[in-house]
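Worksheet: the structure to be examined is printed underneath.
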Amino acid sequence: MKASPTEQKELLRLQALDIKLQQVEHQAKALPQHAELAELGRGLDASKTVLTGRVGEVEDAQIELRRIESDVEVVEKRIARDTERAQHTSSMKDVHALESELTALGARLAALEEIELAVMERLEEKEAAVAETESERADVAGRVAGIEADRDALLVDLNRQLGELARDRVAIVSAIGEDLSGLYEKRRVAGRGNAASLLRARTCSGCTMTLTGNDLEEVRAAPADDIVFCPDCGAILVRTEESGI
Numbered sequence: 001m002k003a004s005p006t007e008q009k010e011l012l013r014l015q016a017l018d019i020k021l022q023q024v025e026h027q028a029k030a031l032p033q034h035a036e037l038a039e040l041g042r043g044l045d046a047s048k049t050v051l052t053g054r055v056g057e058v059e060d061a062q063i064e065l066r067r068i069e070s071d072v073e074v075v076e077k078r079i080a081r082d083t084e085r086a087q088h089t090s091s092m093k094d095v096h097a098l099e100s101e102l103t104a105l106g107a108r109l110a111a112l113e114e115i116e117l118a119v120m121e122r123l124e125e126k127e128a129a130v131a132e133t134e135s136e137r138a139d140v141a142g143r144v145a146g147i148e149a150d151r152d153a154l155l156v157d158l159n160r161q162l163g164e165l166a167r168d169r170v171a172i173v174s175a176i177g178e179d180l181s182g183l184y185e186k187r188r189v190a191g192r193g194n195a196a197s198l199l200r201a202r203t204c205s206g207c208t209m210t211l212t213g214n215d216l217e218e219v220r221a222a223p224a225d226d227i228v229f230c231p232d233c234g235a236i237l238v239r240t241e242e243s244g245i
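Positions 1 to 245 (the UniProt record's numbering) are the ones given, in order, by the sequence shown.
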């Protein structure tokens, strides 16, 4: 395949653009904010599990408190009813029976109120734990928002660079034509990104191997518009006044 020395030199620009594109893409993917956000995200997931458990404990305590409050209400109504009956009966037998029942109900009420107080205290502790977890999550969410803002600001600039590099690449590919750009793309795939290299002082800038013997003679003998390849890495060798041949 043939291409003018000028077109071949454009391959070096294309190679430089592709290297720069890879670097900027890597930089965008390797921003430290990505790792920070991932770590904070794991922390939020873990705290969500904790929060769910603590909310469940609050709900359990609320259910227990409502049950006890219901029992207290039943006993209080029973006390009020028996008190009224004792006040309006003329039977001493009934009065003694009611007084005995009122004594038992009073003891029952005192026990329920003690349990009720303990459950209320436990409920307050559970609610405080939920509030603490929610506060911690809010703090982390604030940090996440700040880091995301920093990341997005950096990505705006990196994406701008990628856009400019992509436009420059399209311009070069259009200028050198389909055949040469197609060959370059094939070599870029085969060489894992190393498609075109400057031959400087008889050394391939891609693999840093120096041409000697027959390999050097073949390159020297090739016309300026011939496409030649590095015998070691397979990259397109671009010859200039720096080649030393």
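In this text, a Cβ means the ideal position worked out from N, Cα and C, and glycines have one as well.
Bear in mind the structure is a predicted one, so any value in this text is a computation, not a measurement.
With contacts defined by Cβ atoms closer than 9 Å, V119 and E59 do not form a contacting pair. If only uninterrupted alpha helix (DSSP H) runs of at least 4 residues are considered, none is enclosed by the region 123-176. With 16 or more other Cβ atoms inside 10 Å of its own Cβ, D18 counts as buried.
Here S205 is buried. Its C-beta has 16 or more other C-beta atoms within 10 Å. Its Cα nearest to that of S197, the residue C230 stands out among S181, C230, E124. Bounds of any beta strand (DSSP E) do not take in R54; it lies within the alpha helix (DSSP H) bounded by 32-88.
For L21, the closest C-alpha among the options A129, S100, R160 is that of R160. Scanning G182, Y184, R143, K48 for the CA closest to the CA of E132 turns up K48. The Cβ atoms of V140 and V55 do not sit closer than 9 Å to each other. Check the Cα spacing between L155 and each of L12, A16, L98, Q27: the tightest is with Q27.
Comparing C-alpha distances from V50 to each of E134, G244, L158 shows the shortest one belongs to E134. Using a Cβ distance threshold of 9 Å, L102 and T89 do not count as a contacting pair.
Here A221 has no same chain residue with a Cβ atom under 7 Å from its own Cβ, once five neighbours each way along the sequence are excluded. With a 10 Å radius around the Cβ and a threshold of 16 neighbouring Cβ atoms, N194 comes out buried.
In this structure the region 63-79 lies against the region 107-118, because at least three pairs of beta carbons, one per stretch, are closer than 8 Å. Only residues of its own chain outside the window of five on either side were considered, and among them none has a CB closer than 7 Å to the CB of A138.
Between the C-alpha atoms of C207 and V189 there is a straight-line separation of about 16 Å. Of the other Cβ atoms in all chains shown, fewer than 16 fall within 10 Å of the Cβ of Q87; this residue is therefore exposed. Membership of R220 in the alpha helix (DSSP H) is indicated by the continuous run 213-221. Across the structure, Q8 and A35 are spaced so that their CA atoms are roughly 41 Å apart.
Contact annotation, L40 with R151: C-beta distance approximately 12 Å; criterion of less than 8 Å not satisfied. In this structure L183 touches M1 by the C-beta definition: roughly 6 Å separates them, less than 8 Å. Under a 10 Å Cβ-count criterion, E218 is classified as exposed, with fewer than 16 other Cβ atoms of the shown protein chains found around its own Cβ.
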